[in-house]
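> Residues are numbered in the working numbering as their position in the sequence shown, beginning at 1, plus a constant of 54. Take a look at the following structure, please.
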Amino acid sequence: MGNRIDLTGHRFGRLVVLERAEDHITKSGKNVKRWNCLCDCGNKTIVRHGNLRNGKTTSCGRLHKEKVGAINRTHGLSTKHGRLYPLWKSIKYRCYNKNAKSYKDYGGRGIKMCDISNSPVWEYNGEKLRVVEWAERLGVTPHCLLHRKELGWDIERILTTPLKGDNNGKAKL
Ligand SMILES: [Zn+2]
55 MGNRIDLTGH RFGRLVVLER AEDHITKSGK NVKRWNCLCD CGNKTIVRHG
105 NLRNGKTTSC GRLHKEKVGA INRTHGLSTK HGRLYPLWKS IKYRCYNKNA
155 KSYKDYGGRG IKMCDISNSP VWEYNGEKLR VVEWAERLGV TPHCLLHRKE
205 LGWDIERILT TPLKGDNNGK AKL
């Protein structure tokens, strides 16, 4: 008797029942009542009566995601991600480019200031390194080391004197 129930116009999750579909005939010859349903994503699907009634089927299923992604409908989290991901990707790409560009600018200036080929080689403690390499190792700018040199410091003092004020960013030496 339950099969008499008309589900037309009823909503089950994302599905709205449009009309009665052709029955499915089981192997044992039983008729299974089915409904043509319209999913919120615009996809049409045929769902068994029982699956609608017991809440087993609430959307057009697997095809759902593909369809939703293709037509960019707001349709749950997966859709949201589907739309946001490419956007996020392009933002990331732009940021990366921007960073790369500013890095290039920065790098350009840096090279001007302390071109590695002009960087003098200092020997200390048995090691011969260019000033830029010492600077890198010590975590200071080459400019800082060269400035110390200009002040007449010897190599050992230049390379071993800690940047006491560096933590608060005020030290020039
Ligand atoms: Zn759908």
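Virtual Cβ for every residue (Gly too), placed ideally from N, Cα, C. Source: prediction; values computed, not measured.
Provide the residue span of the beta strand (DSSP E) that contains C91, from first to last.
As a position in the sequence shown, residue 91 is number 37, starting the count at 1. Per DSSP, C91 belongs to the beta strand (DSSP E) from 85-93.
> At a cut-off of 8 Å, is G96 close to ligand 2 when judged by its beta-carbon and the heavy atoms of the ligand?
The ligand content of the structure shown is limited to ligand 1, which means ligand 2 is not among them.
> From the DSSP output, read off the bridge partner residues of L69.
By 1-based counting over the sequence shown, the position of residue 69 is 15. Beta-bridge pairing links L69 to F66, C93.
> Pull up the DSSP beta-bridge partners for L183, would you.
Indexing the sequence shown from 1 puts residue 183 at position 129. L183 is bridged to W176.
> Roughly how many angstroms separate the alpha carbons of H78 and L72, rounded to a whole number?
Numbered from 1 along the sequence shown, position 24 holds the residue referred to as residue 78. Numbered from 1 along the sequence shown, position 18 holds the residue referred to as residue 72. Distance between the alpha carbons of H78 and L72: 17 Å.
> Which whole-angstrom value is the C-beta distance of R68 and S113, which I expect to be below 8 Å?
Sequence index remark: in the sequence shown, residue 68 carries index 14 (1-based). Sequence index remark: in the sequence shown, residue 113 carries index 59 (1-based). At roughly 4 Å, the Cβ-Cβ gap stays under 8 Å, so R68 and S113 are in contact.
> Would you decide whether T80 is buried or exposed? Buried here means 16 or more other CB atoms lie within 10 Å of its CB.
Numbered from 1 along the sequence shown, position 26 holds the residue referred to as residue 80. Residue burial is scored here from C-beta neighbours: T80 has fewer than 16 other C-beta atoms within 10 angstroms and is therefore classed as exposed.
> On a CA-only basis, which of T111, L106, L199 is nearest T214? Give me that one, please.
Here residue 214 corresponds to residue number 160 of the sequence shown, with the count starting at 1. Of T111, L106, L199, the residue nearest in Cα terms is L199.
> Secondary structure at K81, three-state DSSP: helix, strand or coil?
Along the sequence shown, read from residue 1 onward, the residue named residue 81 stands at position 27. Three-state DSSP puts K81 in coil, outside helix and strand.
> According to DSSP, simplified to helix, strand and coil, what is L61?
Against the sequence shown, residue 61 aligns to sequence position 7. Three-state result, L61: coil.
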